[in-house]
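Using the numbering used here, the letters of the sequence shown correspond one by one to residues 7 to 152. Beneath this line is the structure, given in structure tokens, with notes to follow.
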Amino acid sequence: MDEQTVNADEQRPENWPIGRLLGVASRAVERTWAQALEQRGLTHAGLIVLHFLDAGITSQADLARLARVEAQTMSRTVDRLEREGLVTRSPYPGDRRRHALSITDAGREAFAGAKDLERDVFPAVDDPDALRAALVQIVAAVGERG
């Protein structure tokens, strides 16, 4: 086999190692997803916050823990969402230092639109449930290692 044949074979994704496939796919999906969200005035981090608020999480500390980010990062994300009118802060019952967060009607609308967007943005795969299951398995396995 000559060098051109080897190079051509190496360029075919079906011949790439899984790590390379995941890296390339991850970057491509992240870029496409971020652009689609940006057109709607959202960020990926903001969407995660809206997801948890829609599920009933109200503590900023809990949001940071669940999103696996630092408290300062979560604070910046919540500040932006509040400026955009997608979330509100209100005094936390029994603790004046804390604030309870809630999603606004505009936030719910933005979150619902982003869920619909997922179907439009990502390429169709033969078995999306199998892809989701494999990705969940990878995330769980990598998370266990550190």
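Ideal Cβ positions, reconstructed from N, Cα and C, are used throughout, including at glycine.
Residue i versus residue j: straight-line alpha-carbon distance, rounded
i, j, result
"A31", "G52", "22 Å"
"F58", "R18", "39 Å"
"E90", "E36", "23 Å"
"A151", "V75", "Looking at the sequence itself, residue 151 is Arg, so the reference to Ala does not match. One C-alpha to the other measures close to 18 Å."
"A70", "N13", "45 Å"
"R138", "R102", "41 Å"
"L56", "H50", "10 Å"
"G73", "G29", "Note that residue 73 is Ala in the sequence shown, not Gly. Spanning the two alpha carbons is a distance of roughly 21 Å."
"R95", "Q143", "35 Å"
"T79", "A140", "29 Å"
"A130", "G100", "49 Å"
"R104", "P134", "40 Å"
"R125", "W39", "11 Å"
"A146", "P23", "20 Å"
"L62", "A77", "Here residue 62 turns out to be Gly, not Leu, going by the sequence shown. Distance between the alpha carbons of G62 and A77 is about 19 Å."
"D132", "N21", "20 Å"
Which listed residue (the options) has its alpha carbon closest to that of residue i
i, options, result
"E88", "L48, A61 and V127", "L48"
"I54", "D133, L27, G113 and R138", "G113"
"L107", "L137, G29, Q66 and D126", "Q66"
"L123", "L43, Q143, G100 and R104", "L43"
"V127", "R26, G25, Q78 and A34", "A34"
"L92", "Y98, V145, D111 and E20", "D111"
"V148", "G25, E16 and N21", "G25"
"A98", "A77, R125 and T64", "Note on identity: in this sequence residue 98 is Tyr, with Ala being the wrong assignment. Selected option, being the one with the closest Cα: T64."
8 Å contact criterion, which residue i and residue j should meet: CB distance rounded
i, j, result
"I109", "D60", "6 Å"
Would you say the segment 108 to 120 touches the segment 71 to 84, given that touching needs at least three Cβ pairs under 8 Å? The segment 108 to 120 is not in contact with the segment 71 to 84.
For the segment 85 to 152, which segments carrying the beta strand (DSSP E) assignment without a break, of at least 3 residues, lie completely within its bounds, in sequence order? If we require 3 residues or more, the beta strand (DSSP E) runs fully inside the segment 85 to 152 come out as 93 to 98 and 101 to 109.
Counting only runs of 4+ residues fully inside the segment 25 to 61, write out the alpha helix (DSSP H) ranges in chain order. Correct list: 50 to 60.
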